[in-house]
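Listed in order, the protein sequences are those of chains A and B. What the first sequence shows, in the working numbering, is residues 230 to 730, in sequence order. What the second sequence shows, in the working numbering, is residues 407 to 939, in sequence order. Encoded as structure tokens, the structure appears first; notes follow it.
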Amino acid sequence: VNFHEPHIDYAGLAPIIALTVGICLVLLSAVFKPFRRSAPAMTTTTLLATAGLLIGQWDDPKNLVTGALRLDDLAISISLIAILTAFVCVLLSIREKATEETGSGEYHALLLGSVLGMVLLAQATNLVSFFVALETLSIPLYILCAANMRREGSLESGLKYLIVGSIGSATLLYGMAFLYGGTGATNFAGIAEGIARNGLDGDPLILIGIAMATVGLAFKTSIAPFHQWTPDVYQGAPTPITAFMAVATKAAAFAVFLRFFDVALGSQADTWQPALATLAAISIVVGNVGALGQDSLKRLLGYSGIAQAGYMLGGVVVLSSSGIGSLVFYLAAYAFMNLGAFAVIVARERETVFGDDIRAVRGLGAERPLLAWPLTISMLALAGLPATAGFIGKLYLIEALVEGDYTWLAVFIAVGTMISLAYYLRVVAAMWMSPEGETVPGGTPVIAGASPEADPVDPEAGRRWYIAGPALLASAATVFFGVIPQPLVDFASHAGASIFG
Amino acid sequence: MSNSILWTPLAFGLVGLFLPKKAVGWWAVLGTVVTLGLAIAVAIGFDTGSSAMQYAVDEPWISGLGVDYSLGIDGLNLFLILLTSVLWVGGVAFAAFREQERPKTFYFLMLVAETATLGSFLAQDLLLFVLFFDLMLVPFYFLFGAWGHDRSGEGGLTASAATTKMIVYTLIGSLLMLVAAIATGVLAAGGGPITFSIAALGEHGLSHGSQQWIFWFFVAAFLVKMPAFLLHGWMPDAYRAAPLPALAVFSGVLAKVGAYGFLRVVLPLFPDATVEFQEVVLVIALASILYGSVMAFTQTNVRLIAGYSSVAQLGFITAGIFALQADGADGAVLQMVNHGLVVAPLFVIVAILAERTGSEDIREMGGMALRAPVLAALFLVVALATLAMPGSANFVGEFYILNGLFQAKIVFAFIAITGVAMSAYYALRLYQQTMHNRPPSVQNQGLLSREIGVRDGLVLVPLVLCIVGLALYPQLILERTAPTVDKQVARVRGGETPSARLASMSPKELKELVTGVAPNETRDWEPTLIEEP
């Protein structure tokens with residue numbers, strides 16, 4: 230018997246291997262007493278190593294595992310965004326109640342597991358690897374959402390996410406079955422080929438497959454009308470996890486969104502482009518209107534995330550290199566804006582008894598300018614005001630949309646942004662324009678389902694390096710890339726070129 | 407030079423954040439004075455007869471998206487830049503003479519606002535213009551909201567509600583303008599490399615169909631900013647809430663950015679749509695004149711009288727521009743500067759009056775001229791300029807505007823004339839009620855008014871001197887702006903082929919066109935033009 234040793238590209242697989250090894254070590258650290266406190270450090274090391282291994286392969290696209298994965302600049306850029314977010318999440322998790330309740334080792338191992346899923350998902354070019362990666366990403370998150378085990382809201386959030394996420398996965402899987410049934414292929418290029426070969430243009434089988442896959446992905450990226458879980462889950466989950474979910478999950482899911490639609494279903498663009506554009510428009514309206522009356526900052530950011538997902542979906546709709554570039558740019562900008570905001574929310578959750586209620590940031594401008602500025606910059610950037618990365622992101626997106634003949638969607642983005650001003654500015658106004666002396670620490674806590682002893686007040690939280698650092702750096706990056714966007718534009722357009730020559 | 411004018415205020419603002427609280431106000435004044443100095447230097451070195459872009463800066467900014475960092479000064483923006491830097495010195499100095507809460511942030515925001523405003527005048531790239539246009543709002547949002555007055559007890563809004571209303575209104579316009587600006591660049595490129603350079607975009611015309619919708623997106627943004635009738639809903643609340651130093655510069659300069667946008671962007675880039683919708687815009691402009699004037703008759707709050715009079719004045723300026731005649735546009739540019747110079751001291755006077763009477767209602771004021779003749783005299787100059795008294799530069803401006811309007815649409819001109827008459831009524835009413843008469847209310851009977859001090863005089867007198875100076879020599883502005891303004895208007899008037907344009911050029915401009923050298927540049931060889939026999 231002749232064995233052909235398969236060719237294994239260890240360099241290409243190195244980031245995945247590093248993450249997997251890291252997960253095992255972090256999990257083991259929980260067992261061995263001397264290492265119990267070292268989980269965050271080990272997680273950080275793993276993340277840095279993975280990032281290093283990824284950057285080393287920049288501009289060197291390769292197919293891995295017989296074409297099930299593709300490590301190109303799109304995958305690398307999306308993975309880097311996920312890793313950056315995970316790193317900030319580790320910092321924000323220091324002294325977080327959830328970490329202690331779940332056990333630091335388990336918590337961090339799950340976080341790394343989710344990152345592994347994202348790195349895989351960003352590279353997936355095959356229905357099987359796509360689905361496996363998506364589940365690898367999701368399952369740890371279901372648990373992490375419920376990590377704050379003594380809080381009712383957290384458990385509810387985990388359960389809700391599990392149920393809705395499973396429905397999404399099931400729908401997606403069902404859609405994949407249709408596509409496989411029609412084309413007999415699981416890899417994306419093969420599906421495109423199969424559609425052409427079998428003459429399945431506009432065939433109901435393929436259309437149903439596309440529709441169900443779209444719905445499944447829309448659940449994951451929280452695009453309306455499949456978004457109902459988002460605000461509840463965001464609000465209930467421990468805040469560092471919310472930050473991670475809001476940014477990294479979205480980035481990874483959009484990466485596969487791009488590959489799936491642009492590579493596998495590129496020939497069917499006529500059918501899915503209007504559908505996705507409509508979903509984007511619905512998302513923009515639902516997200517922005519939903520956020521208007523929110524008092525909980527996490528819910529507010531949840532709804533704003535729905536709207537922002539609608540903007541970003543525009544980058545998928547236009548099916549062009551600049552579309553992908555604008556999406557990657559927006560995701561990177563979105564990471565900075567959101568991480569800055571969530572870091573401040575974490576700080577105020579620990580400092581005040583108001584939790585993530587908007588009252589927690591009242592009068593922050595006069596009292597704690599170093600916390601107020603990052604949140605202000607994040608809000609202004611999310612609203613797309615100039616001199617922030619958010620403005621350039623919108624500019625890039627709108628340019629891609631107009632070039633792709635979707636000017637009406639660009640107008641929708643503008644209209645959505647106007648509505649969004651009302652709630653972003655409400656937060657800013659609470660910080661800078663509320664009459665002084667209204668922030669009274671004390672009184673009764675109002676966080677849903679929390680008991681006062683569950684959230685000990687740490688009045689110094691916002692001054693600690695692991696919270697103030699990410700907040701200030703994220704907002705500095707938001708402004709920096711708003712004034713000097715060229716490096717990030719280059720980074721993003723590289724990613725865009727990786728699918729369209 | 408353009409660069410240093412633009413960034414000096416911001417640089418001073420950033421340094422100011424690290425200075426002790428007492429020094430920061432004067433540091434900010436220094437920053438505005440340095441900026442003014444630079445602006446004056448530019449004006450002195452400006453080549454009067456040329457319509458070319460001077461002091462141009464052009465660097466790629468976001469090369470992937472075709473956005474350039476390009477600045478430049480020509481006859482259109484030269485005096486608006488000067489106006490901006492003059493008014494900011496006044497506004498900041500007025501604030502520096504008084505205690506401010508959280509002074510570091512206050513002056514930082516004031517200086518950011520100056521940079522943003524100067525940026526929108528200087529920008530020669532369409533997207534850069536939109537960026538600065540939107541950016542202007544951010545500092546004023548904070549200034550109005552955090553340092554403003556809560557009017558919820560007087561049937562108005564809280565400061566933060568008023569400022570949110572303002573920003574939502576104005577951003578509705580500017581966000582649509584962002585889409586429109588990008589569409590202009592993309593559609594004009596037609597698949598080729600995208601550029602947003604205003605000059606380059608003026609060369610490739612857009613198709614008639616695209617011009618129609620893009621035109622309205624831009625016009626809406628500019629009309630909200632002015633504000634024009636029907637789009638002015640934010641103005642009364644914002645004006646009542648705003649802190650006066652910020653309001654003086656806001657009202658003096660920001661409204662003009664909208665009018666400037668018409669001349670810089672709308673006329674050259676969308677000439678077909680401009681001609682097509684000329685009458686619609688003129689109707690809006692006339693409605694603004696009439697509505698603004700009538701509201702200014704009836705209001706009793708001094709800020710609102712000034713605010714509504716601005717609506718009327720800006721209506722005049724818009725009408726002048728959309729007469730699409732050289733005279734009208736020349737008058738409009740002159741009037742932009744005039745109105746800025748008039749309205750800013752008006753708000754300073756309002757602040758001084760409010761300090762003395764404790765009220766901003768003209769029914770509670772009166773009899774001031776007896777005790778404060780100098781203040782009254784200064785106010786009289788401002789009031790007479792507002793009503794465009796013959797002899798004032800405002801008279802010249804309005805005359806030019808009406809002249810242009812008569813050449814274009816005589817019916818509109820007749821209606822606009824009533825605006826001139828009405829301005830006399832509200833300006834004199836404001837002056838009489840505050841300065842003459844007896845204070846009507848009982849508690850103000852024994853009003854002890856005082857003369858303005860040296861400090862307020864230092865702010866007010868130079869501004870009034872600018873008005874007087876301009877009244878004596880309006881040609882200062884007209885002869886520098888006319889070549890550029892006429893060029894912008896000529897593009898719209900249609901029927902002008904390139905050869906006709908050549909024929910209408912002066913020898914100097916022709917030389918410039920042939921050699922590509924602006925007259926203020928030097929070359930080691932001197933090209934000569936051969937005269938045709």
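C-beta atoms are modelled at their ideal positions from N, C-alpha and C, and glycine is treated no differently.
Determine the direct distance from the alpha carbon of T617/A to that of A315/A, and round the result to whole angstroms. 23 Å
State the CB to CB distance for the pair G422/B and Y513/B, rounded to an integer number of angstroms; the pair is presumed to be in contact (CB under 8 Å). 5 Å
Would a C-beta distance cut-off of 8 Å place G725/A and I642/A closer than the cut-off? no
Give the interface partners of L541/B over in chain A, defined as CB-CB distance under 8 Å, in chain order. L614, P615 and A616
Does DSSP put K662/B in a helix, a strand or coil? Correct three-state label for K662/B: helix.
For the ligand FMN, I want to know if G797/B counts as a neighbour, meaning its beta carbon is within less than 7 Å of at least one of the ligand's heavy atoms. With respect to the ligand FMN, the structure offers nothing, as it holds no ligand at all.
Among Y652/A, G622/A, K291/A and I237/A, which residue has its Cα nearest to the Cα of T707/A? G622/A
Using CA coordinates, which residue listed in L560/A, T272/A and L401/A is at the minimum distance from A338/A? T272/A
Residue(s) in a DSSP beta bridge with Y475/B: E465/B
Taking DSSP as the reference, what is the three-state secondary structure of D531/B? strand
DSSP on K815/B, reduced to helix/strand/coil? coil
Straight-line gap, S258/A to T328/A (C-alpha atoms, nearest Å): 14 Å
C-alpha gap between I711/B and P598/A, whole angstroms: 37 Å
Residue closest to G664/B, alpha-carbon to alpha-carbon, out of T523/B, L436/B, Q881/B and G443/B: T523/B
Pairwise C-alpha distance: M459/B and A449/B: 13 Å
Using only the alpha-carbon positions, how far apart do A425/A and L434/A sit? 14 Å
Exposed or buried, which one is Q881/B when buried takes at least 16 other CB atoms within 10 Å? exposed
Output the distance between the C-alpha atoms of P714/A and I468/B, rounded to the nearest integer angstrom. 7 Å
Between S722/A and chain B, is the shortest Cβ-Cβ distance under 8 Å, so that the two count as touching? yes
Using 8 Å as the threshold, is the C-beta distance between A629/A and S549/A below it? yes
Residue-level contact to chain B via CB, P716/A, 8 Å cutoff: no
Count the other C-beta atoms from every protein chain shown that fall within 10 angstroms of the C-beta of A732/B, then say buried if there are 16 or more, exposed otherwise. buried
When DSSP labels each residue in this structure, what does Q460/B get in the three-state scheme? Residue state, collapsed to three classes: strand.
Output yes if chain E places a C-beta closer than 8 Å to the C-beta of I816/B; else output no. The chain labelled as chain E is not found among the protein chains of the depicted structure, namely A and B.
If you measure from the beta carbon of Y635/A to each beta carbon in chain B, is any gap under 8 Å? Not a single CB atom of chain B sits nearer than 8 Å to the CB of Y635/A.
Can you find a CB in chain A that lies within less than 8 Å of the CB of A652/B? no
Note down, in chain order, each residue of its chain lying with its Cβ closer than 8 Å to the Cβ of G666/A, except the 5 sequence neighbours on either side. With a pLDDT of 47 at G666/A, under the threshold of 50, the modelled position of that residue is not reliable, and the figure given next carries that caveat. Cβ within range, chain order: G592.
Can you grab the Cα-Cα spacing for the pair T646/A / S566/B, in whole Å? 19 Å
With a threshold of 16 other CB atoms inside 10 Å of the CB of K262/A, please say whether the residue is buried or exposed. The Cβ neighbour count for K262/A, taken over all protein chains shown within 10 Å, is under 16; the residue is labelled exposed.
In chain order, what residues of the same chain have a beta carbon less than 7 Å from the beta carbon of S395/A, not counting five sequence neighbours either side? Contacts found: none.
Using a Cβ cut-off of 9 Å, pull out every chain A residue sitting near V655/B, in sequence order please. Residues of chain A passing the Cβ test: none, with the nearest at roughly 19 Å.
For A353/A, three-class secondary structure by DSSP: Of the three classes helix, strand and coil, the one that applies to A353/A here is strand, per DSSP.
Since Y625/A meets chain B, which of its residues come closer than 9 Å, beta carbon to beta carbon? I468, G470 and L471
Answer with yes or no whether the minimum CB distance from V592/B to chain A is below 8 Å. yes
Measuring only the C-alpha atoms, how far is T438/B from S491/B? 7 Å
Segments of 3+ residues assigned as beta strand (DSSP E) that fall wholly inside the stretch 688-753 of chain B: none
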